[in-house]
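Trainee: Could you have a look at this structure, given as structure tokens, before my questions?
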């Protein structure tokens with residue numbers, strides 16, 4: 059039995075070493091939206107991250123109910139390959 063975070067947002071994003079990620083203006087990185095993506099067989103989160111943490115493949119943690127869950131940046135900015143922007147999956 060594995061547990062997955064089911065937060066609705068505002069959870070802090072941490073570096074792999076467990077430090078809070080803060081941008082140059084002092085804003086803490088947080089989850090903005092979270093939810094299941096059945097067509098991808100994944101749980102996705104959208105989050106605010108400083109640019110230096112936005113490279114695809116960057117490993118981070120999300121703090122949810124005092125437990126750190128591993129996450130990986132899979133899409134960023136204009137590289138939103140996870141999303142079916144053309145609706146091809148719906149038309150198949």
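Residue numbers (the numbering used here): 59 to 150.
Each residue gets a CB set at the ideal place from its N, CA and C atoms; glycine is no exception.
In terms of residue numbering, what span does the beta strand (DSSP E) encompassing residue 93 cover?
Mentor: Taking the chain shown and counting its residues from 1, the one referred to as residue 93 is at position 35. Note, residue 93: beta strand (DSSP E), 89–95.
Trainee: Give the range of the beta strand (DSSP E) segment to which residue 108 is assigned.
Mentor: Within the chain shown, the letter at position 50 stands for residue 108. Neither: residue 108 is in no beta strand (DSSP E) and is coded neither H nor E.
Trainee: Can you check whether the CB of residue 70 is closer than 7 Å to the CB of residue 88?
Mentor: Translated into the one-based positions of the chain shown, residue 88 becomes position 30. Translated into the one-based positions of the chain shown, residue 70 becomes position 12. Against a cut-off of 7 Å, the Cβ pair of residue 70 and residue 88 comes out as a contact.
Trainee: If you draw a straight line from the C-alpha of residue 72 to the C-alpha of residue 145, how long is it?
Mentor: In the chain shown, residue 72 corresponds to position 14, counting from 1. In the chain shown, residue 145 corresponds to position 87, counting from 1. About 33 Å.
Trainee: So the beta strand (DSSP E) residue 126 belongs to, where does it begin and stop?
Mentor: Translated into the one-based positions of the chain shown, residue 126 becomes position 68. Counting along the chain, the beta strand (DSSP E) containing residue 126 begins and ends at 125–130.
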